[in-house]
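Colleague:
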Amino acid sequence: MTVQNIRFEPSRDELVILDQTLLPHEERYVTIATLEQAEHAIETLQVRGAPAIAYFGAFVLAKEAVRLQDDPDFTRRLDLVGRRLIATRPTAVNLQNVIESLLGFNVGDDFEMIATDIKHRAIALFERDVDTYRAIGEHALTVLPAGGNVLTICNAGAIATSRYGTALAPFYVGKERGIAFNVFACETRPLLQGARLTVWELDQADIDVTLITDNMAAWTIQAKGVDAIIVGADRITRTGHVANKIGTLQLAVLAKHYGIPFYVAAPHSTFDLTADDVIQIEERSALEVTHIGGQPTAPVGITVFNPAFDVTPPELITGLITEAGVFEPNEAAITHHVGGTVHV
Numbered sequence: 134m135t136v137q138n139i140r141f142e143p144s145r146d147e148l149v150i151l152d153q154t155l156l157p158h159e160e161r162y163v164t165i166a167t168l169e170q171a172e173h174a175i176e177t178l179q180v181r182g183a184p185a186i187a188y189f190g191a192f193v194l195a196k197e198a199v200r201l202q203d204d205p206d207f208t209r210r211l212d213l214v215g216r217r218l219i220a221t222r223p224t225a226v227n228l229q230n231v232i233e234s235l236l237g238f239n240v241g242d243d244f245e246m247i248a249t250d251i252k253h254r255a256i257a258l259f260e261r262d263v264d265t266y267r268a269i270g271e272h273a274l275t276v277l278p279a280g281g282n283v284l285t286i287c288n289a290g291a292i293a294t295s296r297y298g299t300a301l302a303p304f305y306v307g308k309e310r311g312i313a314f315n316v317f318a319c320e321t322r323p324l325l326q327g328a329r330l331t332v333w334e335l336d337q338a339d340i341d342v343t344l345i346t347d348n349m350a351a352w353t354i355q356a357k358g359v360d361a362i363i364v365g366a367d368r369i370t371r372t373g374h375v376a377n378k379i380g381t382l383q384l385a386v387l388a389k390h391y392g393i394p395f396y397v398a399a400p401h402s403t404f405d406l407t408a409d410d411v412i413q414i415e416e417r418s419a420l421e422v423t424h425i426g427g428q429p430t431a432p433v434g435i436t437v438f439n440p441a442f443d444v445t446p447p448e449l450i451t452g453l454i455t456e457a458g459v460f461e462p463n464e465a466a467i468t469h470h471v472g473g474t475v476h477v
């Protein structure tokens, strides 16, 4: 997979993203010059995927730190930038973890040094995490059946991370090793991340993928002999509750019914050890449900419920796959395996 979703040129503080709202029909890169553009990019899903949003936020914070380094009110204003970035996607904890960690260096009155430090740490975080996602893929290969039929939802692939992805990582790493999978991708209504993004990037990488609509999942599991389900995550609590793209919970229920394993793949930065089973769920515009491609598909003024995520309880999860290995989704296992600090 050669497509890069985020490019940062530190010498010019130039930040460029792949506009994922235009995929699969157009590969267009957009330069992000202002904080307002960055907020818009996250809110409209031009850049998306919990890990990628975190890297993007880190680079935006670094750019803003350089811009503000001659401002006597630097400390307060940079903290405000961080809060604004976090507010764009409240469910995705990676963004909050990374921004808060970087803001921990916003101390003292040498603003130029703080700005430089934040920039270097943001770059190091992005580069280091390529190894993180490869490790997730390696560990996933130990539990997924080689050559098996695997179902996924949304897009937790290379364009949602620094490379490889989370839920899609075993398919990329498997291809490198000569291990093939038959992937079934749910279209992921209402914004079709599975149809537009997952199918596109796996097809680009010459990985076998079949697209299904979300309401075909149960019959596909039964008719096609799906061996396992693997998904990504936007937040995992200390009690093992997983917030992920809406539709994930119903797949976990189906896995339980059919007796197949249900795995969640995510890096340590996705864990929130301060939360239990209460997760703020973002609700998005009704237009995402009442329209497709800008065309209305429902009566004007109809009431719409459009949560972007749902929460899967630990009793429906077979295992959590991280860069450190595969472990059980219970509080003791999570506390033991996952530290409470994001190191940048």
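In the numbering used here, the protein residues as written are 134 to 477.
Think of the CB as a built atom: it goes at the ideal place given N, C-alpha and C, for glycine as much as any other residue.
Relative to the C-alpha of Thr-331, which residue among Gly-270, Ala-419, Pro-323 and Ile-286 is closest?
Modeller: Considering only alpha carbons, the answer is Ile-286.
Colleague: Please classify Thr-436 as buried or exposed, where buried requires at least 16 neighbouring CB atoms within 10 angstroms.
Modeller: The residue is exposed, with fewer than 16 neighbouring Cβ atoms inside 10 Å.
Colleague: Measure from the alpha carbon of Glu-172 to the alpha carbon of each residue in His-158, Asn-239 and Phe-192, then state which is nearest.
Modeller: Minimum Cα distance to Glu-172 is reached at Phe-192.
Colleague: Compare the beta carbon distance of Glu-334 and Pro-400 with 8 Å and say whether it is the shorter of the two.
Modeller: No, they are not a contact pair.
Colleague: Identify, in the order they occur along the chain, each residue of the same chain with its Cβ nearer than 7 Å to the Cβ of Arg-210, setting aside the five sequence neighbours on each side.
Modeller: Cβ within range, chain order: Leu-201 and Asp-204.
Colleague: Apart from the five residues just before and just after Phe-141, which ones in its own chain have a Cβ nearer than 6 Å to its Cβ?
Modeller: These residues qualify, in order along the chain: Leu-148 and Phe-192.
Colleague: Straight-line CA distance for Ile-187 to Leu-228?
Modeller: Sequence check: residue 187 is Ala here, not Ile. Roughly 4 Å separates the two Cα atoms.
Colleague: Tell me whether the beta-carbon of His-390 lies closer than 8 Å to the beta-carbon of Val-444.
Modeller: No, the pair does not count as a contact, with Cβ atoms beyond the cut-off.
Colleague: Per DSSP, Gln-428 forms a beta bridge with which residues?
Modeller: DSSP output for Gln-428 lists Ile-425 as bridge partner(s).
Colleague: Is it buried or exposed, Gly-237, if we count other Cβ atoms within 10 angstroms and call 16 or more buried?
Modeller: Flag for Gly-237 reads exposed.
Colleague: State the Cα-Cα distance for the pair Glu-320 and Glu-464, rounded to the nearest angstrom.
Modeller: Computed Cα separation, rounded: 32 Å.
Colleague: Counting C-beta neighbours from all protein chains within 10 Å, is the total for Thr-392 16 or more, i.e. buried, or is it exposed?
Modeller: In the sequence as displayed, the identity of residue 392 is Gly instead of Thr. Exposed, by the Cβ-count rule.
Colleague: Measuring only the C-alpha atoms, how far is Gln-326 from Asp-347?
Modeller: Distance between the alpha carbons of Gln-326 and Asp-347 is about 11 Å.
Colleague: Start and end of the alpha helix (DSSP H) containing Ile-354?
Modeller: From DSSP, the alpha helix (DSSP H) with Ile-354 extends over 350 to 357.
Colleague: How long is the line joining the alpha carbons of Asn-439 and Glu-421, rounded to whole angstroms?
Modeller: For Asn-439 and Glu-421, the distance between alpha carbons rounds to 8 Å.
Colleague: Restricting to runs no shorter than 3 residues, where is the beta strand (DSSP E) found entirely within the region 317 to 391?
Modeller: The region 317 to 391 contains these whole beta strand (DSSP E) runs: 342 to 345, 361 to 364, 368 to 370 and 375 to 378.
Colleague: Between Asn-282 and Asn-315, is the Cβ-Cβ spacing less than 8 Å?
Modeller: Cβ atoms of Asn-282 and Asn-315: closer than 8 Å.
Colleague: Going by Cα to Cα distance, which pick from Gly-241, Thr-372, Asp-243 and Val-214 is closest to Glu-468?
Modeller: It is worth fixing the name first, because residue 468 is Thr in this sequence and not Glu. Residue Thr-372 is the option with its Cα nearest to Thr-468.
Colleague: Ile-312 by DSSP, collapsed to three states: which one?
Modeller: Here Ile-312 sits in coil by DSSP.
Colleague: Using 8 Å as the threshold, is the C-beta distance between Leu-449 and Ala-385 below it?
Modeller: Their beta carbons are under 8 Å apart, which means Leu-449 touches Ala-385 by this criterion.
Colleague: Can you tell me whether Glu-461 is helix, strand or coil according to DSSP?
Modeller: In the structure shown, Glu-461 sits in coil (DSSP, three-state: anything other than H, G, I, E or B).
Colleague: Helix, strand or coil for Glu-415 per DSSP?
Modeller: Note: Glu-415 maps to coil in three-state DSSP.
Colleague: Please check the pair Ile-251 and Ala-166, which I expect to be a contact at CB under 8 Å, by giving their CB distance rounded to whole angstroms.
Modeller: That pair is no contact at about 18 Å.
Colleague: Evaluate Pro-429 with the Cβ neighbour count: other Cβ atoms within 10 Å of its Cβ, from every protein chain shown; 16 or more gives buried, anything less gives exposed.
Modeller: Per the 10 Å Cβ criterion, exposed.
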